[in-house]
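Structure first, then comments.
Numbering (our numbering), first residue to last: 231 to 504.
This is the structure:
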């Protein structure tokens, strides 16, 4: 049997993130062959992944990253089963590493095939499932392109937001961050009324009419009053019309125009976990 040194075990641990005992067992089984030991740990990951395929992975880390010229951003969520794993520093670092790679891809499928330190992202996820003993997967994958893209990650990595602005102007970075914080806190259903789907509109009108009937309002007035309530729904639930959380005397759209008169919010993406 090959003699396995502590240095070899440590090298394998650094390469895979697996525990010391798992690394030693893999090296012993592989008779000291480093690459074969890595393959054994990956196979272990595949077995664990198969066993845990039906487990809920609603915990994790949501990470937003933006490229150097602020023209493109991405949000990914690295999902796991427990909050204990989600708070682990190595797990969060891996999520950030993945997000940096994801900036170069437009689809989750292509991103999963991307290279991560000599193996694909998908294979790394399988490997880490074996290392950690929990289902590990990429949940959300969202991209945004605009003349200026900014981001915000809420404390604990549970909510990540990207905001796209119409121009790259002085103050755009702070404005995009503030609007992203707004979206994180207030969870708007859409950018503006044009982005609200018809099913939601129909449901809000129906709810309003039912409430008005219970209040005894005459049937011939219901449509007009319900339309007024719908406008209130848009004001409360669409990003640009919401009252700005740092100054509720102005809307988000008005706040952005205070930075630059021609500046507008053109898009946002939000991912929340837990």
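The beta carbon of each residue, even a glycine, is placed where N, CA and C say it ideally should be.
C-alpha distance - residue i paired with residue j, whole-angstrom precision
i           : j           : result
residue 245 : residue 368 : 21 angstroms
residue 416 : residue 470 : 12 angstroms
residue 263 : residue 257 : 7 angstroms
residue 249 : residue 361 : 7 angstroms
residue 437 : residue 334 : 44 angstroms
residue 302 : residue 439 : 43 angstroms
residue 325 : residue 358 : 12 angstroms
residue 403 : residue 338 : 27 angstroms
residue 420 : residue 376 : 17 angstroms
residue 462 : residue 490 : 27 angstroms
residue 493 : residue 486 : 6 angstroms
residue 309 : residue 410 : 22 angstroms
residue 389 : residue 313 : 14 angstroms
residue 347 : residue 265 : 14 angstroms
residue 239 : residue 331 : 28 angstroms
residue 270 : residue 292 : 30 angstroms
residue 392 : residue 479 : 24 angstroms
residue 353 : residue 383 : 27 angstroms
residue 305 : residue 449 : 47 angstroms
residue 236 : residue 274 : 22 angstroms
residue 319 : residue 259 : 30 angstroms
residue 322 : residue 446 : 55 angstroms
Segment limits, beta strand (DSSP E) that includes residue i
i           : result
residue 296 : 289 to 296
residue 477 : 477 to 481
residue 499 : 495 to 502
Opposing strand residues paired with residue i [DSSP bridges]
i           : result
residue 253 : Residue 253 pairs with nothing; no bridge assigned.
residue 367 : 309
residue 427 : In the DSSP output, where bridge partners are listed per residue, residue 427 has none listed.
residue 272 : According to DSSP, which records beta bridges pairwise, residue 272 is partnered with nothing at all.
residue 345 : 350
residue 304 : 295 and 373
residue 473 : 481
residue 420 : 468
Enclosing alpha helix (DSSP H) for residue i [first to last residue]
i           : result
residue 456 : 452 to 467
residue 358 : 351 to 362
residue 342 : 338 to 342
residue 235 : Note, residue 235: premise wrong, no alpha helix (DSSP H); not H, not E.
residue 248 : Counting along the chain, residue 248 falls outside any alpha helix (DSSP H), and DSSP gives it neither H nor E.
residue 319 : 319 to 332
CB-CB length for residue i against residue j, believed under 8 angstroms
i           : j           : result
residue 254 : residue 268 : 14 angstroms between Cβ atoms; not a contact.
residue 425 : residue 407 : Residue 425 to residue 407, Cβ: 22 angstroms. No contact.
residue 444 : residue 460 : Not really, about 18 angstroms apart at Cβ, beyond 8 angstroms.
residue 423 : residue 464 : 4 angstroms
residue 495 : residue 482 : 7 angstroms
residue 290 : residue 442 : No, residue 290 and residue 442 are not in contact; Cβ-Cβ is about 43 angstroms, not under 8 angstroms.
residue 378 : residue 297 : The Cβ separation is near 11 angstroms, so there is no contact.
Taking only runs of the alpha helix (DSSP H) that begin and end inside the stretch 376 to 414, which ones reach a length of at least 4 residues, in chain order?
The qualifying runs do not exist here; there are none.
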